[in-house]
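The numbering of the sequence shown is the numbering used here, which starts it at 83 and goes up by one.
The structure appears right after this line, and notes come after that.
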Amino acid sequence: MPSMLDAVVVGAGPNGLTAAVELARRGFSVAVFEARDAIGGGARTEELTLPGFRHDPCSAAHPLGINSPAFRALPLDRYGLEWLHAELPMAHPFPDGTAAILSRSVGETAASLGPRDAGTYRRLVEPFLHHWDTLARDFMSLPLTALPRDPVTLARFGLVGLPPSTWLTRRFRDEPAKTLFAGLVAHVMAPLTGFATGAIGLVFALAAHARGWPVARGGSQSISDALAAYLKDLDGAIHTDYEVKRLDDLPPARAYVFDTSPTALARIAGFGRYYEGYRYGPGVFKVDYALDGPVPWTAEEPRKAGTVQIGASSAEIGTALREASRLGRAPDRPFLITVQPSVVDPTRAPDGKQVFWVYGHVPSGWTGDLTDTIERQLERFAPGFRDRVLARATAGPPELAARNANYVGGDIASGAVSGLQTVLRPKLSLFPYSTPHPAVYICSSATPPGPGVHGMSGHNAAKAVWRRLRQT
Ligand SMILES: Cc1cc2nc3c(=O)[nH]c(=O)nc-3n(C[C@H](O)[C@H](O)[C@H](O)COP(=O)(O)OP(=O)(O)OC[C@H]3O[C@@H](n4cnc5c(N)ncnc54)[C@H](O)[C@@H]3O)c2cc1C
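Below, the structure written as structure tokens:
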């Protein structure tokens, strides 16, 4: 290691690794320090249940990953990353045995929403889909890390997306469209009536139409492994089993980039109450299943979908979100996101068997066991599900927080996605990646564009670092 590094990155999650790669590929010397014995943070894969069953304890579906301008500019395919697409990106079954779908095709999706809403859906997404690549870049670079390339489309998107999602879903007349859209918003645990929640739902829909919602062959670990392998080829170093507690724990460097929560950074760097206004959101309860075969969905469509949203109606989803985020209790009928990697990836389980991934929302720090409630909810849409279960691994908020310090109280978004904090995080600031110390930066999902495996927070923070390093 040189006596003075250009940059040190703390945390080897997707944002930390992306920041390190972005700096190393511009010729800067970089070392990454990770608390855990394995890299990846929220993009990892482990045999959590039985031998041969490879589960993703955190992220599994990657609409934001495949659409990320940062990932798309890196040669990750050469380092083993392969996106696998199920026939349908997402399906949303209903208790009567029908289902709405999110297909790559806008027409197929619209048709599944029923004749009264098909045209409305098309008119909503098509104008943005035609400008998607520019819009995604502009949206994920906000605020102020780059001038918008298409300010007109971005402004139009803001007009539609910044109001609450409930305003947007008023355009729909029937439940399938309202429910599908409510489920999309609930992916980031936002209350449906919250600021900018329309934009959240739209981004997930547009991402599906543009490039799909794939899983990574072999599991989400292969995203992290591809970033790490590229970094090593660029002479970057990664040190695991190295929890950073104080700035003095780190070697001398011209810049320090933290892929941590803002509160942890404040503790480590001695920033006192600088981030004290930062709020954390509800937690999740996660179950990973080893199954004896495919999930016995009643409806046909979920059998061929990578992701399946579970919530009988928009009202049921709204209630579940309110209970977990505002009322402090675990929902009786939780909104569930489920992912079925085995539908497209045979490497994840022994022949004929499957891995299955589920989580539901619970209050921050909740210590109960949601397994039975989750399985009762699944049985409404897939009767006989329990008979397929060979083994399960569960993790509630305390376990999630113990495995990754960024998931405070089990909040997998590393900060509430509500109010102004949805877009302006971790502080009201024109440049949210800066901190009170000119050499210290933050790049985790507590910064824009927020949660998800896309590396854009890492990219945006790294851009500030390389500009400064070149100046000095
Ligand atoms: C159950 C669950 C399901 C999810 N599902 C999806 C999904 O399907 N699709 C999707 O796109 N996203 C999903 N996410 C969210 C996604 O995983 C995160 O938004 C993403 O990983 C954030 O990346 P990051 O680099 O900011 O932080 P993280 O991935 O959390 O990485 C932070 C890293 O920093 C390390 N660290 C923290 N403090 C220190 C310290 N003091 N010293 C050294 N190292 C430290 C941590 O150990 C960790 O490795 C999910 C998350 C969870 C938990």
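By construction, the Cβ of each residue, glycine as well, lies at the ideal position given by its N, Cα and C atoms.
In the same chain as P432, and ignoring 5 residues on each side of it, the C-beta atoms closer than 7 Å to its own belong to G134, in chain order.
Going by beta carbons, V339 and V490 fall outside the 9 Å limit. Of K368, T180, A311, I121, the smallest CA-CA separation from R474 is found for K368. Counting C-beta pairs closer than 8 Å gives three or more between the segment 373-382 and the segment 460-468, which meets the contact rule. Segment contact: the segment 326-334 against the segment 418-438, fewer than three CB-CB distances shorter than 8 Å; contact not assigned.
The residues S111, V112, A113, P333, P334, A335, R336, in chain order, have a CB closer than 8 Å to that of L87 in the same chain once the five nearest residues on each side in sequence are set aside.
Judged by pairs of C-beta atoms under 8 Å, the segment 484-504 touches the segment 351-370, as three or more such pairs exist. Of L184, V505, D493, the smallest CA-CA separation from P531 is found for V505. In this structure, L146 has its beta carbon less than 8 Å from a heavy atom of ligand 1. Within the same chain, and ignoring the five residues on either side of R108 in sequence, the residues whose Cβ sits closer than 7 Å to its Cβ are W548.
For F438, the enclosing beta strand (DSSP E) covers residues 436-444. Between P96 and G450 a beta carbon distance of about 30 Å is seen, past the 8 Å cut, so the two are scored as non-contacting.
By the Cβ-count criterion, G466 is exposed, with fewer than 16 other Cβ atoms from all chains shown falling within 10 Å of its own Cβ.
For D159, the shortest separation between its Cβ and any heavy atom of ligand 1 does not lie below 8 Å. For K368, the uninterrupted beta strand (DSSP E) segment begins and ends at 365-373. Relative to ligand 1, the beta carbon of I121 is positioned inside 8 Å of a heavy atom. By the criterion of a C-beta distance shorter than 7 Å, Q391 is surrounded in its chain by M172, H174, G265, I419, once the five residues flanking it on both sides are discounted.
In this structure, P334 has its CB at a distance of at least 8 Å from all heavy atoms of ligand 1.
Excluding residues up to 5 positions away in sequence, T455 lie with their Cβ nearer than 7 Å to the Cβ of D414 in the same chain.
The alpha-carbon separation between S304 and R198 amounts to approximately 42 Å. For Q391, the secondary structure class from DSSP, reduced to helix, strand or coil, is strand.
Cβ contact annotation for A102 (same chain, cutoff 7 Å, sequence separation greater than five): V91, V112, V114, L313, G318, in chain order.
Counting other Cβ atoms within 10 Å of its Cβ, H137 reaches 16 or more and is therefore classed as buried.
Using a Cβ distance threshold of 9 Å, D307 and I121 count as a contacting pair. Shown here, T476 sits in a strand according to DSSP, grouped into three states.
One alpha carbon belongs to R219, the other to G388, and they sit about 25 Å apart.
In the structure shown, D88 falls within a strand segment according to DSSP collapsed to helix, strand and coil. Taking the C-beta atoms as reference points, A289 is found nearer than 9 Å to N149. In terms of side-chain proximity, the C-beta atom of E116 is found nearer than 8 Å to a non-hydrogen atom of ligand 1.
Its Cα nearest to that of P157, the residue A310 stands out among L262, R255, A310. As computed with DSSP, A182 is found in a beta bridge with H174.
T322 is a Cβ neighbour of E116, given a cutoff of 9 Å. Beta-bridge partners of I121 (DSSP): none assigned.
With fewer than 16 other beta carbons inside 10 angstroms of its own, S187 counts as exposed.
Look at I148 here: in three-state DSSP terms it is helix. DSSP places S223 in the helix class (H, G or I) of the three-state scheme.
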